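Residue numbers (my numbering): 1065 to 1207. Idealized CB from N, CA, C, for every residue including glycine. None of these values were measured; they are calculated from a predicted model. First up is the structure itself, then whatever we jot down about it.
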Amino acid sequence: MFEKLFPRRSPKPLPQPDAQLALGALLVRIAFADRSYLASEIGQIDRILAATFNLKPVEAAKLRATCEALERQAPGTPEFAQILRQEVDYADRKALAGAMWSVALADGHQDEDEEIQLLAIETALGLTDEDIAVARENALGGK
């Protein structure tokens, strides 16, 4: 009886990750690393996606929502990072490290789990130890 009233819908298949989706999923992964996902982090992700891919706010929010689903069901960090390594040049990957730090710090707290996740992502993106240290120092304001 309930099946007729509320038919089961099969979930919409997720798209194959590209640079946009890989970046968005990694930003979501960083925000989730401390096991909280606050509005400040969501807003920062939306701003990064909008600025990086020249999207309107609603388009960025839709992209982030897709990235949230992808992050939950898709491959691990190395696979997302590999997509970015193939499609994004080194200088832009360095800039992404700063953007990722801004998500980690958007909630106003420096969290060890987020830092561990960031280091794994930065390493998987192929950034040098020096560039990783510079991104961290810039994000923390020389603390």
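Exercise. With DSSP run on the structure shown, which of helix, strand or coil describes Lys1120?
Worked result: Within the sequence shown, numbered from 1, the residue matching residue 1120 stands at position 56. Note: Lys1120 maps to coil in three-state DSSP.
For this session: Tell me, to the nearest whole angstrom, how far the beta carbon of Ser1104 is from that of Ala1170; I am working on the premise that it is less than 8 Å.
Result: Here residue 1104 is taken as the residue at index 40 of the sequence shown, counted from 1. Here residue 1170 is taken as the residue at index 106 of the sequence shown, counted from 1. 4 Å between Cβ atoms; contact.
For this session: Return the Cβ separation of Ile1094 and Val1167 in integer angstroms, given the expectation that the two are a contact with Cβ distance under 8 Å.
Result: Here residue 1094 corresponds to residue number 30 of the sequence shown, with the count starting at 1. Here residue 1167 corresponds to residue number 103 of the sequence shown, with the count starting at 1. The C-beta distance from Ile1094 to Val1167 rounds to 5 Å, short enough to meet the 8 Å contact threshold.
For this session: To the nearest angstrom, report how far apart Leu1182 and Ser1100 are at their CA atoms.
Result: In the sequence shown, counting from the first residue as 1, residue 1182 sits at position 118. In the sequence shown, counting from the first residue as 1, residue 1100 sits at position 36. Taking the straight line joining both Cα atoms gives about 16 Å.
For this session: Flag this pair as yes or no: are the beta carbons of Trp1165 and Ala1203 separated by less than 7 Å?
Result: As a first step, residue 1165 is located in the sequence shown; it is residue number 101 there, counting from the start. As a first step, residue 1203 is located in the sequence shown; it is residue number 139 there, counting from the start. Taking 7 Å as the Cβ cut-off, Trp1165 and Ala1203 qualify as a contacting pair.
Problem set entry | Run of the alpha helix (DSSP H) containing Arg1200, from where it starts to where it stops | Translated into positions along the sequence shown, residue 1200 becomes position 136. Note, Arg1200: alpha helix (DSSP H), 1193–1204.
For this session: With a threshold of 16 other CB atoms inside 10 Å of the CB of Ile1109, please say whether the residue is buried or exposed.
Result: The sequence position of residue 1109 within the sequence shown is 45, counting from 1. Result: buried.
Problem set entry | Whole-angstrom C-beta distance between Arg1136 and Gly1190, which should lie under 8 Å | On the sequence shown, residue 1190 is found 126 positions in, with the first residue counted as 1. On the sequence shown, residue 1136 is found 72 positions in, with the first residue counted as 1. Beta-carbon to beta-carbon, Gly1190 and Arg1136 are separated by about 25 Å, too far to satisfy the 8 Å threshold.
For this session: Hey, could you find the ends of the alpha helix (DSSP H) Gly1162 is sitting in?
Result: Here residue 1162 refers to the residue found at position 98 when the sequence shown is read from its first residue. Where Gly1162 is concerned, the enclosing alpha helix (DSSP H) stretches over 1154–1168.
For this session: Could you give the DSSP three-state label for Ser1100: helix, strand or coil?
Result: Working through the sequence shown from its first residue, we reach residue 1100 at position 36. Of the three classes helix, strand and coil, the one that applies to Ser1100 here is coil, per DSSP.
Problem set entry | Test item: CB-CB of Ala1097 and Asp1177 under 7 Å | As a position in the sequence shown, residue 1097 is number 33, starting the count at 1. As a position in the sequence shown, residue 1177 is number 113, starting the count at 1. For the 7 Å CB-CB criterion, Ala1097 and Asp1177 form a contact.
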